[in-house]
Amino acid sequence: MNVLYFAWVRERIGLPRERVETNATTVAALVEELRAREDRYAAAFSDLSALRVALDQELSDFDASLDGVREVAFFPPMTGG
Amino acid sequence: MNVLYFAWVRERIGLPRERVETNATTVAALVEELRAREDRYAAAFSDLSALRVALDQELSDFDASLDGVREVAFFPPMTGG
Amino acid sequence: MRVSVQEEIFDLGVEAETFAQANNGSGAIVTFTGIVRDADQGGLVAMEIEHYPGMTLKALTEIAQTAKDRWSLGDALVIHRYGRLELGEQIMMVATASRHRKDAFEAAEYLMDYLKSRAPFWKKEILHDGAADWVASKDEDEDALTRW
Amino acid sequence: MRVSVQEEIFDLGVEAETFAQANNGSGAIVTFTGIVRDADQGGLVAMEIEHYPGMTLKALTEIAQTAKDRWSLGDALVIHRYGRLELGEQIMMVATASRHRKDAFEAAEYLMDYLKSRAPFWKKEILHDGAADWVASKDEDEDALTRW
Chain A
32 MNVLYFAWVR
42 ERIGLPRERV
52 ETNATTVAAL
62 VEELRAREDR
72 YAAAFSDLSA
82 LRVALDQELS
92 DFDASLDGVR
102 EVAFFPPMTG
112 G
Chain B
32 MNVLYFAWVR
42 ERIGLPRERV
52 ETNATTVAAL
62 VEELRAREDR
72 YAAAFSDLSA
82 LRVALDQELS
92 DFDASLDGVR
102 EVAFFPPMTG
112 G
Chain C
373 MRVSVQEEIF
383 DLGVEAETFA
393 QANNGSGAIV
403 TFTGIVRDAD
413 QGGLVAMEIE
423 HYPGMTLKAL
433 TEIAQTAKDR
443 WSLGDALVIH
453 RYGRLELGEQ
463 IMMVATASRH
473 RKDAFEAAEY
483 LMDYLKSRAP
493 FWKKEILHDG
503 AADWVASKDE
513 DEDALTRW
Chain D
373 MRVSVQEEIF
383 DLGVEAETFA
393 QANNGSGAIV
403 TFTGIVRDAD
413 QGGLVAMEIE
423 HYPGMTLKAL
433 TEIAQTAKDR
443 WSLGDALVIH
453 RYGRLELGEQ
463 IMMVATASRH
473 RKDAFEAAEY
483 LMDYLKSRAP
493 FWKKEILHDG
503 AADWVASKDE
513 DEDALTRW
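Protein chains in written order, with the numbering used here: chain A, 32 to 112; chain B, 32 to 112; chain C, 373 to 520; chain D, 373 to 520.
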């Protein structure tokens, strides 16, 4: 599964994207796996209310299933316009 | 006193402005004098709810005093923009 | 703040760009442009706009100044034409500059609502068969003022 | 309908004029332009805008299509830049064309509210001393969505 990071999530984790092998069935479970990896992941995912997630380029939420998903992106609330 | 007419008021009366000698103290009294002149004035002023009035280039109303007023303008509701 | 009452056509692109450049510290720029259209599909070919020369500039300036004060705009622009305007030509435009998009939008809507019903312009539609009709004011345009 | 995600600066005047000409049957044209400004008087010199290439165009297109359907717009335009933008440069613009001014205004405000909080852009402010801070999202921007 491709996992992408943007803005300060990218900066905290230190990379823009990576390939993650996982059996997680939900976004929340994937986040738990990432958090357990290293401090930089724990720091990036410390407050989920400050994060948004997109599954295959569609906004989603942390309860969502990863079934069939190929790309997960984590980022802060958007600030366009 | 200068009296100006715009849009269909001007067309019905047949002139854009005229000098009117009057002792009328209110717009309504002036309108009564004009109405009494000729059919074309009566036609133009038949329905005051369809008319607006400006005194010295400021929107006003038919009850207003003509004291000190030099220019009265009658016209339909505006359609700018 | 600039208010212009003119017979000549104006260049929307130039006006918008000039206004934005002059107000590039404001953050939010809104423009509205009105164009002569055949609203009733009645074969309209042109519009004749009459105005009250002694009053128009004063009325527009008051409306613009009120908007500028009420929404603390950085700047405001109003251009309104009169005379004969062909189908598809620009009738008028307003532009507002503010630090916040909400203020820029609201002030532009305010300007438009007041231009519609409180600026001394009267539109006549010229149809292809030569017929000509004064545009009637709309109750909804008068009602629009009540929200301000 | 045109949606553009681009690094290059755009010419507001040309875009506004082109859009108005292409939609001169619509009667009402609204544009909004956002400009890099020093909101907090903190010595901002530039803004860096990051985006999510695979998602951005799709998200903008969905937002624009929703606006077009909901207000039966004749047309809609969205341009949004990314990369490094200097102080005073245009960040983005939207334009709407409709038969009625109310629809053109509302649709433009809808586009802006959704671009602010639902399009995958993230702004970073670059200050004169080299410091750089991500712009925090505002509760009021999220709240603005509830009215639609």
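Ideal Cβ placement from N, Cα and C applies to all residues, glycine included.
It should be emphasised that the depicted structure is a prediction, and the values quoted were computed from it without experimental measurement.
What residue from A/108, A/92, A/40, A/50 has the CA that sits closest to residue 70 of chain A's CA? A/40
Using a Cβ cut-off of 8 Å, pull out every chain C residue sitting near residue 85 of chain B, in sequence order please. Under the 8 Å cutoff, chain C gives 424, 427, 492.
Do you know how far the Cα of residue 486 of chain C is from the Cα of residue 483 of chain D? 25 Å
Which one or two residues does DSSP pair with residue 33 of chain A in a beta bridge? A/50, A/102.
Which listed residue (A/55, A/38, A/87, A/46) has its alpha carbon closest to that of residue 507 of chain D: The residue with the shortest Cα to Cα distance from residue 507 of chain D is A/38.
So that I know if they touch, is there some Cβ in chain A lying closer than 8 Å to that of residue 377 of chain D? Judged by the 8 Å Cβ criterion, residue 377 of chain D is not in contact with chain A.
Partners in chain A for residue 452 of chain D, counting only beta-carbon separations shorter than 9 Å: 111, 112
Would you mind working out which of C/457, C/510, C/451, C/466 sits nearest residue 378 of chain C, comparing C-alpha positions? C/451
Please confirm whether residue 53 of chain A and residue 64 of chain A have their CB atoms less than 8 Å apart. yes
For residue 90 of chain B and chain C, any beta-carbon pair shorter than 8 Å? yes
Using a Cβ-Cβ distance under 8 Å, would residue 457 of chain D count as near chain A? no
Beta carbon of residue 480 of chain D, beta carbon of residue 400 of chain D: below 8 Å? Their beta carbons are not under 8 Å apart, which means residue 480 of chain D does not touch residue 400 of chain D by this criterion.
For residue 449 of chain D, list the residues DSSP reports as bridge partners. D/374, D/467
Interface partners of residue 484 of chain C on chain B, CB under 7 Å: 112
If I measure Cβ to Cβ from residue 101 of chain B and keep anything under 8 Å in the same chain, skipping five residues before and after, which residues do I get? 32, 33, 87
What are the residues that DSSP puts in a beta bridge with residue 84 of chain B? B/91, B/105
Sort out for me which residues DSSP pairs residue 64 of chain B with in a bridge. Its beta-bridge partners do not exist; DSSP assigns none.
Where do the N-terminal and C-terminal ends of the beta strand (DSSP E) with residue 507 of chain C fall, by residue? Run containing residue 507 of chain C: none; DSSP gives neither H nor E here.
Which runs of the beta strand (DSSP E) fall wholly inside the stretch 382-445 of chain D and span at least 3 residues, in chain order? Secondary structure remark: continuous beta strand (DSSP E) runs of at least 3 residues inside the stretch 382-445 of chain D, in chain order: 400-407, 416-423.
Might you give, ordered along the chain, the residues of its own chain that have their beta carbon closer than 6 Å to the beta carbon of residue 491 of chain C, omitting 5 neighbours on each side? 431, 432
Give a yes or no on contact between the stretch 383-398 of chain D and the stretch 390-407 of chain C, applying the rule of three or more CB pairs nearer than 8 Å. yes
Residue 473 of chain D lies in the alpha helix (DSSP H); which residues open and close that run? 473-490
Look at the alpha carbon of residue 44 of chain A and the alpha carbon of residue 36 of chain A, and state the distance between them as a whole number of angstroms. 8 Å
Going by other Cβ atoms of all chains shown within 10 Å of its Cβ, with 16 needed for buried, is residue 104 of chain B buried or exposed? Burial is judged here by how many other beta carbons sit within 10 angstroms of a residue's own beta carbon; residue 104 of chain B has at least 16 and is buried.
From the DSSP output, in three-state form, read off residue 39 of chain A for me. Taken through DSSP and simplified to helix, strand or coil, residue 39 of chain A comes out as helix.
Residue 72 of chain B to residue 66 of chain B span [Cα, whole Å]: 5 Å
Contact list for residue 445 of chain C against chain B, beta-carbon separation under 7 Å: Near residue 445 of chain C there are no residues of chain B at all, since even the closest Cβ is about 19 Å away, more than 7 Å.
Pick from C/518, C/517, C/511: whose alpha carbon is nearest that of residue 80 of chain B? Nearest C-alpha to residue 80 of chain B: C/511.
With C-beta atoms as the reference, is residue 453 of chain C less than 8 Å away from residue 420 of chain C? no
Where does residue 78 of chain B land, buried or exposed, given buried means 16+ other C-beta within 10 angstroms? exposed
First and last residue of the uninterrupted alpha helix (DSSP H) at residue 71 of chain B: Residue 71 of chain B -> alpha helix (DSSP H) spans 70-75.
Span separating the alpha-carbon of residue 93 of chain B from that of residue 380 of chain D: Straight-line Cα distance between these residues: approximately 59 Å.
Who are the Cβ neighbours of residue 85 of chain B in its own chain at under 7 Å, not counting the five residues just before and after it? 91, 104
For residue 489 of chain C versus residue 470 of chain C, is the C-beta spacing smaller than 8 Å? no
Per-residue contacts from residue 104 of chain A into chain G (C-beta, under 9 Å): Note that chain G does not occur in the displayed structure, where the protein chains are A, B, C and D.
C-alpha gap between residue 417 of chain D and residue 463 of chain D, whole angstroms: 14 Å
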